[in-house]
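Scroll down for the structure; my scribbles are underneath it.
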Amino acid sequence: MNAYRPEIDGLRGIAVWLVVLHHAGLACPGGFIGVDVFFTISGFLVGGRLLDSVRGHEFAWGRFIERRSRRILPAALLMMTCTAVACPLFLFQRDLDQHWDALTQTQILLANVHFADTVDYFSGDSVPLLHMWSLAVEEQFYLLLPAVLMCTQRFSKPTQQIGLLVLAMASFWWSALSVSEFTTMSYYGLPSRAWQLLAGTLAATWNSQRDFGRWGVPVRGMALLTILASSVYLNEDSSFPGWNAVPVTMATAVLLASAWPKDEWLSRLMTSRWITFQGKISYGLYLWHWPILAITLYRLGEIDTVTGVLGVMAAVGVSVLSWKYFENPIRYQSLLTTPKTFLQCMAVWVLSILAFSGSADSWIPSGVLWPQEVRALENEKSDLNVYGYTGKTWTKDCEPIGIGWSPDTKASPELFVWGDSHGMALGPALGNIRQECGTTMALWNKSGTAPILNVVRTDKKKSDYLDWNQKGLQFIQKYRPKKILLAARWSNYESSKLLTTEEGNQIVDVQHHLQETIDQIAPHTEEVIVLFEAPLQKGNPRVKFWSWYEQMEGPAPTGIPYVQQTPFDPSRFSEGVVCVEPHVPVDEANHTMLGDQDGPYYWDDDHLSAHGVQVMFQSLLLERCLQQ
């Protein structure tokens with residue numbers, strides 16, 4: 061396991077370029093599978109070495125941690141330090157605050173858990189540290205694997221292999237099961253990714269590299285083609301990992317476990333100086349390419365071919381310098397020569413970043429390179445936190461947020477708003493309506509919680525979900541509001557199959573269950589209003605708008621073609637249910653506008669800004685409130 065194998069560097073080079081080209085939008089719609097190649101390689105090299113050392117009673121935690129740290133930490137900490145300096149120049153305050161949170165979670169090896177809860181990998185969000193999820197998965201794996209191996213070292217090698225195979229199969233089973241139910245966590249989570257690292261570890265347990273004889277070139281060639289083909293036919297809409305990750309993982313394992321005779325043309329290609337050099341810088345290139353592209357995307361709103369190429373070239377240049385003058389000297393101990401000195405320096409560095417990220421929001425300015433006018437308007441027009449709307453909607457006494465209404469009064473609110481974060485986003489418009497016509501309101505909204513009774517989300521605590529909506533029903537029964545407004549990102553619940561019944565049966569017809577909820581609340585109100593959602597955009601439409609606003613040249617930017625996304629058919633609702641569609645500004649080609657001269661319409665890809673809510677919903681809601 062200690063002999064250098066140049067073909068593995070060649071494989072690393074292919075993997076990193078698949079990822080880089082995918083992120084730059086230059087090719088490879090399925091280039092994200094390069095990460096899966098890295099997982100399998102890592103399991104082969106590190107897991108295989110761990111297995112040998114444990115079975116030989118040579119494993120030492122201190123030495124293992126030092127070697128892993130020398131390989132991983134210096135380059136990663138350098139990248140994170142530079143990113144921490146660069147982000148305040150470009151990111152607006154709320155995005156910068158999220159970056160400090162991500163930086164903290166990355167330091168404590170929980171980046172994958174953090175992003176699973178906050179970011180969809182394929183959403184196109186400009187999150188500079190998003191790529192660190194994969195390193196978190198690896199390091200979590202290597203904190204657990206030695207313990208597993210030491211617990212099983214008294215068993216024979218075949219028995220230990222069977223045990224690892226069982227663990228891999230269990231992990232794959234969970235990956236295949238969860239990919240449709242818990243999509244985001246399945247992508248980021250260790251339990252659904254461990255089988256890929258274990259596949260590499262199991263490949264390393266073969267007694268020797270397999271020589272397929274005259275079938276060697278066809279076998280290895282087909283394995284390489286499988287990886288390349290996966291990067292082409294897979295895309296962001298593919299169910300992944302699960303079964304779609306099997307071909308690339310198995311192909312990588314075959315390549316790792318194979319002998320590579322030096323006289324074969326394929327071996328000469330994979331071990332050529334140029335391609336192996338790509339493998340040598342692959343770690344640095346992976347670390348640097350995404351922050352550069354993400355910050356560029358954030359500042360410009362989008363990345364075209366020229367910008368993508370320039371960003372990749374910059375990443376290559378930085379990664380080469382990092383590899384030559386920083387990574388290698390530390391890794392091979394020409395710098396920080398003793399383990400004690402190295403670990404002390406790394407500990408100080410990590411603690412310094414943690415302290416910085418924990419306090420930065422109080423003294424580091426945001427968006428420094430944006431014009432002052434843009435920063436001021438961003439804070440004014442994009443703000444969701446209006447009328448106490450901070451996202452904390454479950455108060456101490458589990459009472460709704462009141463606008464012109466208090467639970468202390470015996471009077472009923474004229475309008476009860478029940479929904480998820482899309483109901484929260486209505487806050488600015490509802491406040492204006494209150495000022496204009498005096499309507500009293502009670503707001504009962506919780507992020508990610510559809511206003512549908514007797515259903516649960518597959519990725520949420522069952523009791524919390526049910527209890528929240530039951531308390532909403534109890535409020536309606538007690539206060540009997542004049543009108544009830546139901547607002548949510550309906551299409552998300554319909555398309556992602558997030559909801560199940562209390563018994564665990566998947567819900568395929570969300571509208572049917574919403575109608576059952578309406579049947580329960582209708583006797584306690586005069587009118588039920590179902591608010592349809594605004595169009596979901598791609599990437600960060602708010603920042604794309606500000607990039608245009610800065611120059612104010614040409615027409616305002618546009619997003620997706622306008623098609624009503626709410627999956628509901630108004631004719632299927634019972635008589636008397638009012639369906640309200642947003643007033644969506646479009647251009648001549650029916651593309652949705654992202655803003656106007658007064659500000660952006662969007663806060664992120666699916667939530668409207670304060671200005672957007674006023675433009676698309678305020679007049680419609682005012683009309684419903686004024687109707688007797």
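Every position in the sequence shown, counted from 1, becomes a number in the working numbering once 60 is added.
The beta carbon of each residue, even a glycine, is placed where N, CA and C say it ideally should be.
Between GLY361 and THR164, the beta carbon gap of about 27 Å keeps them out of contact (Cβ cut-off 8 Å).
The stretch 311-321 and the stretch 336-355 do not touch, with fewer than 3 CB-CB distances between them shorter than 8 Å. The beta carbon of GLY659 lies closer than 6 Å to those of LEU437, LYS441 and HIS671 in the same chain, with the five residues before and after it left out. The DSSP-derived three-state label of ASP180 is coil. Pairwise C-beta distances place the stretch 259-267 out of contact with the stretch 281-292, as fewer than three of them are shorter than 8 Å. Taking 8 Å as the cut-off, the Cβ atoms of ALA485 and TYR553 do not count as close. Closest option to SER238, judged by alpha-carbon separation, among THR469, ASP161, LEU558 and VAL80: LEU558. Nearest neighbour of TYR343 by Cα position, chosen from TRP423, LEU138 and GLN575, turns out to be LEU138.
Check the Cα spacing between THR244 and each of GLU198, SER299 and ALA254: the tightest is with SER299. Secondary structure at SER318: strand, using DSSP grouped into helix, strand and coil. Boundaries around GLU440 are those of the alpha helix (DSSP H), 432-441, since no beta strand (DSSP E) includes it. Excluding sequence positions up to five before and after LEU429, its CB lies within less than 8 Å of the CB of LEU149, PHE150 and ARG359, all in the same chain and listed in chain order. Here the alpha carbon of SER679 sits roughly 41 Å from the alpha carbon of TYR247. A check of alpha carbon separations from GLN153 across LYS322, ARG435 and THR219 identifies ARG435 as the nearest. Contact between HIS83 and TRP350 is confirmed by a C-beta separation of about 6 Å, below the 8 Å threshold.
A Cβ-Cβ separation of about 11 Å leaves MET653 out of contact with ALA594 under the 8 Å criterion. In this structure, the straight-line span from the alpha carbon of ARG280 to that of GLN256 is close to 19 Å. Rounded to the nearest whole angstrom, the CA to CA distance from ASP297 to GLN624 is 20 Å.
Judged by DSSP secondary structure, PHE476 falls within the beta strand (DSSP E) whose first and last residues are 475-479. Collapsing the DSSP output to three states places MET653 in a strand. The shortest CA-to-CA distance from ARG333 to any of GLU67, TRP608 and ALA87 is the one to GLU67. Of the residues assessed, ARG632 falls on the exposed side of the cut-off, its CB having fewer than 16 other CB atoms within 10 angstroms. Residue pairing by DSSP leaves TRP193 without any beta bridge partner. Rounded to whole angstroms, the gap between the alpha carbons of GLY483 and ALA548 is 6 Å. Using a Cβ distance threshold of 8 Å, LEU227 and ALA196 do not count as a contacting pair. Distances from the CA of ARG494 to each of LEU682, ILE390 and LYS340 were compared; the closest alpha carbon is that of LEU682.
Counting the other CB atoms within 10 Å of its CB gives GLN167 a total of 16 or more, which places it among the buried residues. With fewer than 16 other Cβ atoms from the protein chains shown falling within 10 Å of its own Cβ, ASP527 counts as exposed. GLU198 and ALA75 have their C-alpha atoms spaced approximately 16 Å apart. In this structure VAL516 does not touch HIS573 by the C-beta definition: roughly 11 Å separates them, more than the 8 Å allowed. Annotation for VAL106: TYR202 place their beta carbon closer than 7 Å to its own, counting only its chain and skipping 5 residues before and after.
Residue state for ALA63 is assigned as coil, using DSSP reduced to three classes.
The straight-line gap separating the alpha-carbon atoms of ASP468 and VAL640 is approximately 31 Å. Boundaries of the alpha helix (DSSP H) around PRO351: 342-360. Residue environment: PHE232 is assigned as buried (16 or more neighbouring CB atoms within 10 Å of its CB, all protein chains considered). Pairing VAL408 with LEU414, the inter-Cα distance amounts to about 10 Å.
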